[in-house]
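> Here our numbering runs 24 ahead of the position in the sequence shown, where the first position is 1. Sharing a structure here in structure tokens format.
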Amino acid sequence: MTPEQQGTGALALEDVEQAMRSFAHISDRLLDGYDALSKRAEHVEAELCRTNDELERKVHELDAVKRHLEAILQSLPTGVVVRDAEERIVRANAAALAILGCGEDDLLGERSCAGLRGAEADGEAREIERPGSEPIVVASRYSPIVAAGGEQAGSVEILDDRTALTRMTERVHQLDKMAALGTVAGGIAHEIRNPMNAIMGFAALLAKRFEPGSKEADWANLIREGVNEADAIITSLLTFADPERLRLETVDPEALIDDAVAAVTRDLERAGERPARWEIVTRAASHPFVADRIKLRQAVRNLVANAVDAQPDGGRIEVVLAREGDDVAIRVCDAGPGIPAELAQKVREPFFTTRADGTGLGLALVHTIAQLHGGRLDIERRPSPLGGAAVILRFPFSTGSPSR
């Protein structure tokens with residue numbers, strides 16, 4: 025090897041050693057950087073874990089608060105309906121669904137629903153109808169939801185079912201009127217029945233003095249019939265104003281309906297009408313029950329008589345007694361003009377009548393008899409299957425021991 029080659033080899037070795045030292049230095053720095061980065065990563069990971077734990081705790085807390093608020097919302101006795109900024113319904117609690125008589129799927133996404141008044145809600149109680157259920161009295165209040173920026177982000181409508189309170193108030197008023205009426209009726213009945221008895225007696229004597237079938241005898245009998253009608257009105261008035269306690273017994277449903285219809289038929293015959301002009305169809309689909317048979321017969325008789333009066337030229341009448349849930353329902357339908365919605369409540373009041381020759385005691389007495397049995401008198405808003413009125417006497421079905 026020449027000296028030049030030896031010198032070149034030594035230089036190359038030094039370069040390699042220098043490169044190795046540089047590599048070692050860089051490697052050390054890289055290792056130091058990696059260690060620092062690894063420690064930093066561990067710190068960040070630990071911090072991230074703490075943050076995630078804190079976030080998870082917050083989420084659990086928020087979820088618990090949400091469930092708690094949801095439980096409160098669902099347990100509220102008042103209905104709550106929430107709308108978004110576009111007035112679409114986004115939330116409704118169980119009470120609201122029960123009041124409105126619909127399911128959540130029927131309500132969500134809608135802008136309106138029967139019974140909801142939206143921004144027009146003023147806290148005033150109004151009667152609303154529900155699909156497949158009886159109408160109820162509801163007071164609603166409206167409140168906008170205002171966002172932080174001042175814009176309206178939605179609204180809340182609160183529904184308060186005041187049906188029970190309204191019915192109780194009506195019942196108290198009715199009892200007050202009945203108490204006052206009872207005082208007056210008792211005195212009037214005593215004062216009127218004394219001269220009526222005299223008229224009846226003299227009419228009977230007159231009828232005996234004339235030949236049967238003569239005009240004079242017929243006139244005397246007309247006097248007696250008029251007195252009997254007046255006495256029946258007085259009896260109805262006294263029964264309505266001061267109803268005696270129920271005399272309970274086991275009632276045969278079919279016999280009850282048949283007896284009431286037979287009584288109406290006799291009334292028509294006495295009035296010179298042809299009962300055949302009215303096709304009265306009856307059906308009794310219930311087991312025997314315990315009730316006051318005499319009072320119920322009077323109530324059904326009044327309902328059928330009203331149906332007859334609604335069709336002075338004759339027509340079809342349906343009388344159906346059936347079990348509906350825990351109740352006995354006696355439904356009388358006619359093909360007359362029906363009862364206007366604005367009169368549905370008034371016809372239950374004493375002395376209210378739309379007929380020139382009416383006393384206004386028929387449905388009022390039915391209403392009283394229904395209440396004595398723990399029931400009610402319902403008048404359907406929709407026309408009956410026959411096209412006229414549908415009036416239903418409801419009371420709890422009972423098979424308990426009748427009174428003796």
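All residues carry an ideal CB built from backbone N, CA and C; glycine is no exception.
Taking contact to mean 3 or more Cβ pairs, one atom from each stretch, closer than 8 Å, check whether the stretch 119-134 and the stretch 182-195 are in contact.
With the cut-off at 8 Å, the stretch 119-134 and the stretch 182-195 touch.
> In the DSSP output, what is Leu183 paired with across the bridge?
Residue mapping note: residue 183 aligns to position 159 of the sequence shown, counting from 1. Note: Leu183 sits in a beta bridge opposite Gly103 and Ser164.
> Just to confirm before moving on: does the CB-CB distance between Arg154 and Gly133 stay below 8 Å?
Along the sequence shown, read from residue 1 onward, the residue named residue 154 stands at position 130. Along the sequence shown, read from residue 1 onward, the residue named residue 133 stands at position 109. For Arg154 and Gly133, no; Cβs fall outside 8 Å.
> I need the boundaries of the alpha helix (DSSP H) containing Thr289, first residue and last residue.
The sequence position of residue 289 within the sequence shown is 265, counting from 1. Pro277 to Arg294 is the span of the alpha helix (DSSP H), which, as asked, contains Thr289.
> So if DSSP puts Thr306 in a beta bridge, which residue, or which two residues, is it bridged to?
Counted from its first residue, the sequence shown places residue 306 at position 282. Partner(s): Val343.
> How far does the alpha helix (DSSP H) with Val332 in it reach, from first residue to last?
To locate residue 332, count along the sequence shown from 1; it is residue 308. Counting along the chain, the alpha helix (DSSP H) containing Val332 begins and ends at Arg317 to Asp333.
> Which residue's Cα is closest to the Cα of Gly250: Ser238, Ala228 and Val40?
In the sequence shown, residue 250 corresponds to position 226, counting from 1. The residue with the shortest Cα to Cα distance from Gly250 is Ala228.
> May I have the straight-line CA-CA distance separating Val344 from Arg400, to the nearest angstrom?
Here residue 344 corresponds to residue number 320 of the sequence shown, with the count starting at 1. Here residue 400 corresponds to residue number 376 of the sequence shown, with the count starting at 1. Distance between the alpha carbons of Val344 and Arg400 is about 16 Å.
> Which whole-angstrom value is the C-beta distance of Arg340 and Ala359, which I expect to be below 8 Å?
In the sequence shown, the residue the question calls residue 340 occupies position 316. In the sequence shown, the residue the question calls residue 359 occupies position 335. 5 Å between Cβ atoms; contact.
> Per the contact definition of three or more C-beta pairs closer than 8 Å, is the stretch 307-319 in contact with the stretch 361-374?
The stretch 361-374 is not in contact with the stretch 307-319.
> Which residue marks the beginning of the beta strand (DSSP E) containing Gly147, and which one marks its end?
Mapped onto the sequence shown, residue 147 falls at position 123. From DSSP, the beta strand (DSSP E) with Gly147 extends over Asp146 to Arg154.
> To the nearest angstrom, how far is it from the Cα of Ile160 to the Cα of Ile216?
Here residue 160 corresponds to residue number 136 of the sequence shown, with the count starting at 1. Here residue 216 corresponds to residue number 192 of the sequence shown, with the count starting at 1. Their backbone Cα atoms lie some 42 Å apart in a straight line.
> Throw me the rounded Cβ distance for the Ile354 and Leu270 pair, which I believe falls under 8 Å.
The sequence position of residue 354 within the sequence shown is 330, counting from 1. The sequence position of residue 270 within the sequence shown is 246, counting from 1. Their Cβ separation, rounded to whole angstroms, is 16 Å, which puts Ile354 and Leu270 out of contact at 8 Å.
> How would you call Ala331, buried or exposed, if buried means at least 16 neighbouring beta carbons within 10 angstroms?
Along the sequence shown, read from residue 1 onward, the residue named residue 331 stands at position 307. With 16 or more other Cβ atoms within 10 Å, it is buried.
> Which term fits Arg428, buried or exposed, when burial requires 16 or more other beta carbons within 10 angstroms of its beta carbon?
The sequence position of residue 428 within the sequence shown is 404, counting from 1. Only weak support is given to the placement of Arg428: the predicted model assigns it a pLDDT of 44, under 50, and the question is left unresolved by the model.
> Taking only the alpha-carbon atoms, compute the straight-line gap between Arg372 and Asp276 and give it to the nearest angstrom.
In the sequence shown, counting from the first residue as 1, residue 372 sits at position 348. In the sequence shown, counting from the first residue as 1, residue 276 sits at position 252. Going from the Cα of Arg372 to the Cα of Asp276 covers about 27 Å.
> Taking a contact to mean a Cβ-Cβ separation below 8 Å, would you say Val288 touches Val328 in this structure?
One-based indexing of the sequence shown puts residue 288 at position 264. One-based indexing of the sequence shown puts residue 328 at position 304. Yes, the Cβ-Cβ distance between Val288 and Val328 is below 8 Å.
> Mind checking which residues open and close the alpha helix (DSSP H) that includes Ile123?
The sequence position of residue 123 within the sequence shown is 99, counting from 1. Here the alpha helix (DSSP H) through Ile123 covers Ala118 to Leu124.
> From the DSSP output, in three-state form, read off Gln395 for me.
Position 371 of the sequence shown, counted from the first residue, corresponds to residue 395. In this structure, Gln395 counts as helix in the three-state DSSP scheme.
> Considering Leu417, what are the terminal residues of the beta strand (DSSP E) in which it resides?
On the sequence shown, position 393 is the one that residue 417 refers to. Per DSSP, Leu417 belongs to the beta strand (DSSP E) from Ala414 to Pro420.
> Is it buried or exposed, Phe419, if we count other Cβ atoms within 10 angstroms and call 16 or more buried?
If you number the sequence shown from 1, residue 419 lands on position 395. Flag for Phe419 reads buried.
> Taking 8 Å as the limit between beta carbons, can you name the residues of its chain near Arg405, skipping five residues before and five after?
As a first step, residue 405 must be located in the sequence shown, where it is residue number 381. So the qualifying residues of the chain are Glu153, Pro159, Ala365 and Ala368.
> Quick one: is Val314 buried, meaning 16 or more other Cβ sit within 10 Å of its Cβ, or exposed?
Residue numbering aside, residue 314 sits at position 290 when the sequence shown is read from its first letter. The residue in question, Val314, is buried, as its Cβ has 16 or more Cβ neighbours within 10 Å.
> Excluding the 5 residues preceding and the 5 following Ala414 in the sequence, name in chain order all residues of the same chain whose CB lies nearer than 7 Å to its CB.
Position 390 of the sequence shown, counting from 1, holds the residue named residue 414. The answer, listed in chain order, is Arg355, Cys357, Glu404 and Ser408.
> Determine the direct distance from the alpha carbon of Ala43 to that of Leu37, and round the result to whole angstroms.
Here residue 37 corresponds to residue number 13 of the sequence shown, with the count starting at 1. Here residue 43 corresponds to residue number 19 of the sequence shown, with the count starting at 1. About 10 Å.
> What is the residue span of the beta strand (DSSP E) that Asp358 lies within?
For the purposes of this step, residue 358 is identified with residue 334 of the sequence shown, where counting begins at 1. Where Asp358 is concerned, the enclosing beta strand (DSSP E) stretches over Asp351 to Asp358.
> Go through its chain and collect everything with a Cβ distance to Val170's Cβ below 8 Å, but skip five positions before and after it.
Counting from one through the sequence shown, the residue named residue 170 turns up at place 146. So the list reads Gln176 and Ala177, once near-sequence residues are dropped.
> Under the rule that 16 or more other beta-carbon atoms within 10 Å means buried, what is Ala388, buried or exposed?
As a first step, residue 388 must be located in the sequence shown, where it is residue number 364. Buried: at least 16 other Cβ atoms inside 10 Å.
> How many Å lie between Gly100 and Val324 at the Cα?
For this step, residue 100 is matched to residue 76 along the sequence shown. For this step, residue 324 is matched to residue 300 along the sequence shown. The question names Gly, yet the displayed sequence has Leu at residue 100. Computed Cα separation, rounded: 41 Å.
> Any idea if His311 is buried or exposed, counting beta-carbon neighbours within 10 angstroms, 16 or more meaning buried?
In the sequence shown, the residue the question calls residue 311 occupies position 287. Exposed, because fewer than 16 other Cβ atoms sit within 10 Å of the Cβ of His311.
> So the candidates are Glu342, Arg115, Ala145 and Lys370; which of them puts its Cα closest to the Cα of Gly411?
Sequence index remark: in the sequence shown, residue 411 carries index 387 (1-based). It is Glu342.
> Report buried or exposed for Ser238, applying the criterion of at least 16 other Cβ atoms within 10 angstroms of its Cβ.
The residue labelled residue 238 in the question sits at position 214 within the sequence shown. The residue is exposed, with fewer than 16 neighbouring Cβ atoms inside 10 Å.
> On the DSSP letters alone, give me the boundaries of the alpha helix (DSSP H) that Asp129 sits inside.
If you number the sequence shown from 1, residue 129 lands on position 105. Start and end: Glu128 to Leu131.
> On the CB-based measure, 16 or more other CB atoms within 10 Å of its CB, does Gly296 come out buried or exposed?
Position 272 of the sequence shown, counted from the start, is the residue given in the question as residue 296. Gly296 is exposed by the Cβ-count criterion.
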